[in-house]
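Same order as they appear, the protein sequences are chains A and B. Going by my numbering, the first residue of the first sequence is number 64, and it counts up by one from there. Going by my numbering, the first residue of the second sequence is number 219, and it counts up by one from there. From the three backbone atoms N, C-alpha and C, an ideal C-beta is built for every residue, glycine too.
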Amino acid sequence: MKSIDYIGEQAWWGQLGHALVIVAFVTAFFSALINYFRTKSPEHNETWKGTARLFFNIHALAVVGIFLTLLLMLINHRFEYQYVWQHSKRDLSMNYILACLWEGQEGSTLLWLLWHSLIGLVLMRTAKDWEAPVLSVLSMVQVFLAMMLLGLYIGETHIGASPFTLIREREENVGLPWTQLADYLQRVPMFKDGRGLNPLLQNYWMTIHPPTLFLGFALVTVPFAFAVGALLTNRLYDWQKPALPWAFAGVAILGTGILMGGAWAYESLSFGGFWAWDPVENASLVPWLTLVGAAHVMLIYRIKGQSLYTTFFLTVISFLLIVYSTFLTKSGVLSETSVHAFTEDGLNQELVLFMGFFLWFSIVLMAKKNWLRWAYTGITVLVLIMFLQNMVAVGMLILLLTSITALIIGHRYFPKEEKEEELWSREFWMFIGAIVMLVASFQIIFYTSSPVVNKFLRIDFLHNFFVSMHESLGWKWLNTLAEARIAPDENVVYFYNKWQIPFAVLVTVLIAVTQFFKYKKTDTKQLRKQLFWPFVLALFVSGVLSAIIYFNESFGTLTANKQRIILMSSVLFFSTVFAVLANGSYWLSILKGKIKSAGASIAHIGFGLLLLGALISTSKKDTISQNTSETDVTSIAQEGNNAENIYLRKGDTLPMGEYLVTYSSRSREIKDGTPYVYFAVDFLKPQETGKAEYQFTLRPFIQLNPMMGNAAEPDTRHFLHKDIYTFIKFVPMTSLEDSASSTGDQFDDPKNYTIAVGDTIAANSSIAILDSVRKVSESHPLYKSEEIGVSAHFTVIDNNMQRSNPVAYYFVNTTTGSTSQLDAKDPNTGLKLTFWKVRPENGKIDVYMAELLSKKSDFIVMEASVFPAINILWIGCLVMIIGTFIALRERIRRN
Amino acid sequence: MKKTHIIAIVIIAVTIASMFTMLNNSSTYSDFEDAKEADPEESVHIAGTLVREKPMEYRPELDPNKFTFYMADQKGNQQKVVLLKSKPQDFERSQQVVIIGKMKGDHFEAKDVLMKCPSKYNDGKNTAANP
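The following block contains the structure:
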């Protein structure tokens with residue numbers, strides 16, 4: 064086949080990008096190898112230092128190069144490249160160029176690579192004698208990440224997906240006729256412009272949330288690299304000190320990233336809140352929980368030399384959970400349960416390999432006994448073979464089970480502390496706190512993984528096993544297992560809250576008391592004295608407040624489930640207030656209000672406030688929109704109806720909560736090429752005088768998103784003590800169209816009515832009453848001698864009780880018998896009445912009624928909720944992050 | 219007994235309890251045939267597709283929280299579904315629908331619905347193939 068000179072295509076961008084990815088991959092590999100060699104033979108450490116650094120420097124440079132190349136391709140609109148074409152567009156504002164870069168999978172992997180490279184450069188300068196082991200592990204991680212960008216084909220299998228592939232070279236396009244056109248870029252209209260960034264993601268959150276989250280992810284790798292490096296060099300006892308600031312930086316940044324996600328969801332996505340326990344949210348929360356645990360046990364170890372094994376376990380598992388959550392969100396396995404997971408993209412195998420390698424590597428290093436290492440490695444190789452035979456699920460299950468077994472056996476041989484922690488010591492209770500976090504995260508990840516569990520259950524022998532078990536025992540849950548049909552609870556949020564509230568109570572109580580314990584041994588008498596006032600005060604405050612907000616007259620009317628969750632909530636209410644007050648008291652009385660050393664107290668106060676705000680706003684979230692429009696209707700809301708929507712016609716004023724609301728107007732705007740339709744809803748407050756006073760207007764809107772379908776985005780009114788949050792659930796299609804052009808003078812399909820004088824016919828936004836039917840007299844201007852004319856006189860009443868009196872005519876030619884009509888049109892309501900038949904037998908007439916589409920039923924269906932005390936949550940977030948940074952700064956200073 | 223043992227036992231107990239409640243409490247994926255025989259107290263998930271030929275009814279002026287449509291489950295059985303919520307925007311475009319609820323007489327009463335649209339988040343591959 065002769066090669067074609069494609070016109071307008073600049074292939075060198077892609078070649079440069081590809082080349083840089085290969086350079087990054089190869090240099091990461093050599094950096095890993097040389098640093099590993101330095102680690103294992105310390106006598107060569109210094110001699111190879113220069114080479115190792117050179118490789119990592121080139122690697123970092125190449126990664127920055129990849130990033131810049133892709134960025135410049137986006138800026139220059141190189142739409143011949145799939146990634147650019149798919150994620151950007153000409154008229155998109157430059158503010159979103161970075162968002163385009165990391166919208167796709169390849170871009171987000173690149174972001175992760177970039178942060179690792181930059182962190183690696185910092186570690187090279189700060190890690191001192193830890194440099195070789197830590198960079199070796201970090202480079203290994205980079206090898207796997209760079210592999211995911213390779214996009215190489217080896218025979219049938221491809222490795223990774225490159226963001227530098229030309230559209231015509233994509234697997235699915237190869238061989239299509241247009242790829243043979245030299246001028247396809249000019250000829251095929253769709254390549255003139257890209258598809259653009261998903262408009263739902265066109266906001267500043269998309270610019271700041273992913274980099275923060277991925278920086279958090281990248282920071283978790285550092286303690287992991289220290290831990291694995293420690294195992295490699297058998298320096299088990301002194302890695303915790305240099306790793307600790309990195310762990311706390313990870314806690315702060317990853318926490319910020321997760322909270323930004325929550326704020327984004329609350330502010331501009333209509334999820335109905337800031338946390339939905341969506342699998343993708345959970346996947347980033349779980350490693351954070353274990354990382355918090357890890358950072359705290361590292362602290363214990365640093366000061367007391369206790370919990371050595373746990374420092375390794377939690378650090379390693381935090382990293383593995385991050386890789387696992389990447390797998391969950393990127394592999395498409397979650398697509399049955401999550402609203403915002405990526406769809407399947409064929410990166411499954413690379414991700415499983417990534418996860419499998421580090422799982423194997425960490426466990427082999429933690430096993431400490433050669434026979435165990437070899438046994439475990441043997442099984443891993445077996446699993447790898449199964450993988451190549453496409454037995455992915457069986458392989459993963461076997462690997463998981465053997466890994467747990469190897470960990471348990473390995474624990475016996477791991478070096479241990481001589482003596483146990485004292486019961487009344489700070490280290491013991493911090494340790495318990497870390498374990499509670501771990502168990503809480505297990506519960507979340509286990510439940511989130513139900514699609515993965517279903518995949519396991521579809522393995523033949525498990526399926527057969529559970530089928531026969533069910534046949535012999537008949538237990539229902541065995542059938543669930545046999546059929547691999549585990550679905551999330553019908554109310555996921557309730558389910559998670561029910562499980563997580565007790566963990567939160569335990570954690571907050573520990574947060575309250577633990578600082579008052581001393582390392583080693585505590586005088587319990589003094590402890591009781593110090594905790595007495597915070598305890599009593601918390602009991603008082605939470606008792607009074609929960610009596611007001613929870614145990615009022617409405618409590619008795621709730622279902623048993625809701626009552627149970629409210630009882631649990633009131634306990635959590637107490638424990639969070641206790642945590643806040645106790646830490647505040649510790650800061651003031653024991654630390655004498657000094658800021659510098661109070662990082663931990665401040666962070667704990669923030670965490671308590673965060674939980675408190677989340678608790679109040681979630682448990683007291685009040686959906687104030689109800690269907691109050693049943694004025695002209697016979698239909699009654701069904702039993703079990705969760706009545707959460709209000710139906711508002713344009714101009715109508717209806718009561719909603721403590722307000723009166725009016726849907727007053729609708730407007731259309733175009734921003735960055737995407738149309739938005741805003742629905743202005745005025746909020747009024749009834750006054751004692753009987754009049755209503757205007758308060759404010761909310762403008763929830765719908766984004767007409769050609770890629771994703773129309774997306775409703777909320778509008779929120781913020782008050783100090785509460786938020787009023789509204790979003791559009793449904794509007795008629797006609798409201799979304801450009802009314803000037805499309806439906807200006809179109810009518811809907813006419814409907815026929817056979818009516819007598821005095822009858823009423825109802826349209827969507829008005830009614831028409833037939834007042835009289837008369838003969839057209841000779842004096843009438845429409846009178847013609849050869850015709851018999853009849854007129855139908857209507858009264859039309861609109862929603863605002865405005866009346867008008869249109870007249871419709873019907874003529875019969877006395878000689879030919881042909882008929883003609885003159886419609887009655889009412890400009891006010893857009894009603895058209897066509898009088899087309901007289902029924903002399905019963906005195907009725909036939910009328911077609913049609914409504915102008917633009918006038919017809921301009922209404923909205925809206926949900927409105929009040930989130931009380933949500934500001935406590937945001938303040939808590941800020942305080943927690945500030946506290947963590949204070950602690951971090953202090954720790955770096957002391958190091 | 220050492221404290222670590224107590225802790226280990228607690229962890230194992232909580233893990234097993236959470237696995238067990240997950241199996242017992244969580245809903246299951248099902249189809250209309252099975253849903254008819256299911257425990258009327260328990261709700262199920264049914265995945266399927268919207269039957270476009272049959273009527274959809276949403277009259278928010280009567281009840282904004284009631285939307286009726288027909289759905290075919292994965293075995294192809296069709297069933298009238300009453301969703302006790304507003305009609306999801308763009309419902310017609312859905313490729314796959316998952317309803318959560320229970321059978322009630324002649325219809326399936328859904329408390330919630332999840333839908334997959336053809337182009338959520340990441341697509342463009344299929345469209346790129348045929349310009």
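**Asked** Taking Cβ-Cβ distances below 7 Å as the criterion, which residues of the segment 785 to 796 of chain A are in contact with chain B?
**Response** For the segment 785 to 796 of chain A, which is checked against every Cβ of chain B, the residues closer than 7 Å are Lys792 and Phe793.
**Request:** Assuming A:Ser513 contacts A:Pro551 (C-beta within less than 8 Å), just tell me the rounded distance between them.
**Result:** Contact between A:Ser513 and A:Pro551 holds, with the beta-carbon distance rounding to 6 Å and staying under 8 Å.
**Prompt:** What residue range is occupied by the uninterrupted beta strand (DSSP E) comprising A:Trp487?
**Reply:** Looking at the DSSP string, A:Trp487 is not in any beta strand (DSSP E), and its letter there is neither H nor E.
**Message:** Give me the chain A residues within the contact set of B:Leu241, using Cβ-Cβ distance strictly less than 8 Å, ordered along the chain.
**Reply:** Neighbours of B:Leu241 across chain A, judged by C-beta separation under 8 Å: Trp540, Thr543, Leu544 and Ile549.
**Request:** Indicate whether at least one CB of chain A lies closer than 8 Å to the CB of B:Ser236.
**Result:** yes
**Message:** Using only CA atoms, which one of A:Gly753, A:Leu711, A:Gln766 and A:Ser617 lies nearest to A:Lys734?
**Reply:** For A:Lys734, the closest C-alpha among the options A:Gly753, A:Leu711, A:Gln766 and A:Ser617 is that of A:Gln766.
**Request:** Output, in chain order, the set of chain E residues within a Cβ distance shorter than 9 Å of B:Asp291.
**Result:** Absence of chain E from the displayed structure is noted, the protein chains being A and B.
**Request:** Measure the beta-carbon distance from A:Pro880 to A:Leu915 and round it to whole angstroms, keeping in mind my assumption that it falls under 8 Å.
**Result:** The amino acid occupying residue 880 of chain A in the given sequence is Gly; Pro does not appear at that position. Rounded to whole angstroms, the Cβ separation of A:Gly880 and A:Leu915 is 32 Å, and the two are not in contact under 8 Å.
**Request:** Mind listing the chain B neighbours of A:Asn773? Cutoff is C-beta to C-beta under 8 Å, in chain order.
**Result:** Gln307 and Asp308
**Prompt:** In terms of alpha-carbon separation, which member of A:Arg475, A:Ser798, A:Val859 and A:Thr789 lies closest to A:Thr823?
**Reply:** Looking at the Cα atoms, A:Val859 is the closest of the given residues.
**Message:** Can you tell me where the beta strand (DSSP E) holding A:Met210 begins and where it ends?
**Reply:** From DSSP, A:Met210 is part of no beta strand (DSSP E) but of the alpha helix (DSSP H) over Glu194 to Met210.
**Message:** Please tell me whether A:Asp7 has its Cβ less than 8 Å away from any Cβ of chain B.
**Reply:** Nothing about residue 7 of chain A can be read from this structure; chain A reaches only from 64 to 958.
**Message:** Taking the beta carbon of A:Tyr159 as the centre, do at least 16 other beta carbons fall within 10 Å, making it buried, or is it exposed?
**Reply:** buried
**Asked** Which chain A residues sit within Cβ distance under 9 Å of B:Tyr176?
**Response** Look at the range of chain B in this structure, 219 to 349, and you will see that residue 176 of chain B is not part of it.
**Request:** Kindly list, in the order they appear in chain B, the residues whose Cβ is closer than 7 Å to that of A:Tyr710.
**Result:** Pro278, Glu279 and Pro282
**Given A:Val555 as reference, the closest of A:Ser394, A:Ile507, A:Asp68 and A:Pro273 once Cα atoms are compared** = The residue with the shortest Cα to Cα distance from A:Val555 is A:Ile507.
**Asked** Skipping 5 residues on each side, what residues in its chain have a beta carbon closer than 7 Å to that of A:Glu484?
**Response** Gln369, Glu490, Phe491 and Phe494
**Message:** Give me the residue from A:Ala913, A:Arg627, A:Leu799 and A:Thr725 with the minimum Cα distance to A:Gln809.
**Reply:** Per the Cα distances, A:Ala913.
**Message:** Output needed in chain order: residues of the segment 549 to 577 of chain A with a Cβ under 8 Å from some Cβ in chain B.
**Reply:** From the segment 549 to 577 of chain A, only Ile549, Ala550, Pro551, Asp552, Glu553, Phe558 and Trp562 have a Cβ closer than 8 Å to chain B.
**Message:** Distance check for A:Arg954 and B:Val331, CA to CA, integer angstroms please.
**Reply:** 50 Å
**CB of A:Phe670 within 8 Å of CB of A:Gly325, strictly** = The Cβ-Cβ distance between A:Phe670 and A:Gly325 does not fall below 8 Å.
**Message:** At 3 residues or longer, what runs of the beta strand (DSSP E) sit wholly inside the segment 708 to 764 of chain A?
**Reply:** 709 to 712, 716 to 719, 722 to 734, 737 to 749 and 755 to 761
**Prompt:** Can you find a heavy atom of the ligand ATP that lies under 7 Å from the Cβ of A:Ala826?
**Reply:** Absent from the structure shown: the ligand ATP. Ligands present: none.
**Asked** Do you know whose CA, among A:Ser682, A:Val744 and A:Ile687, lies nearest A:Arg45's CA?
**Response** Residue 45 of chain A is absent from the model: chain A starts at 64 and stops at 958.
**Message:** Please report the distance separating the alpha-carbon of A:Asp834 from that of A:Pro813.
**Reply:** 21 Å
**Message:** Using 8 Å for Cβ pairs, my map puts A:Trp241 next to A:Leu282. What's the rounded Cβ distance?
**Reply:** That belief does not hold up - the Cβ atoms of A:Trp241 and A:Leu282 are roughly 46 Å apart, past 8 Å.
**Asked** For A:Lys583, does the count of other Cβ atoms within 10 angstroms reach 16, so buried, or fall short, so exposed?
**Response** exposed
**Message:** Is the beta carbon of A:Thr392 closer than 8 Å to that of A:Ala346?
**Reply:** Result yes, Cβ atoms of A:Ala346 and A:Thr392 sit closer than 8 Å.
**Message:** Output needed for A:Gly128: all residues of its chain with C-beta closer than 7 Å, excluding positions within five of it in sequence on either side, in chain order.
**Reply:** Leu83
**Request:** Consider the Cβ of B:His325: report whether some Cβ of chain A lies at a distance smaller than 8 Å.
**Result:** no
**Message:** Is there a C-beta anywhere in chain A that falls below 8 Å from the one on B:Val232?
**Reply:** yes
**Message:** Quick check on this structure: which residue in A:Leu264, A:Leu654, A:Thr789 and A:Leu635 has the alpha carbon closest to the alpha carbon of A:Leu687?
**Reply:** It is Ile, not Leu, that sits at residue 687 of chain A in the sequence shown. Nearest option by C-alpha distance: A:Thr789.
**Request:** Please classify B:Lys293: does DSSP put it in a helix, a strand, or coil?
**Result:** Of the three classes helix, strand and coil, the one that applies to B:Lys293 here is coil, per DSSP.
**Interfacial residues, the segment 252 to 266 of chain B to chain A, with Cβ spacing under 7 Å** = Ser261 and His263
**Request:** At 9 Å on the CB atoms, spell out the chain A contacts of B:Ile229, in chain order.
**Result:** Ile498, Leu501, Val502 and Phe505
**Request:** Report yes or no: is there a C-beta of chain B within less than 8 Å of the C-beta of A:Phe227?
**Result:** no
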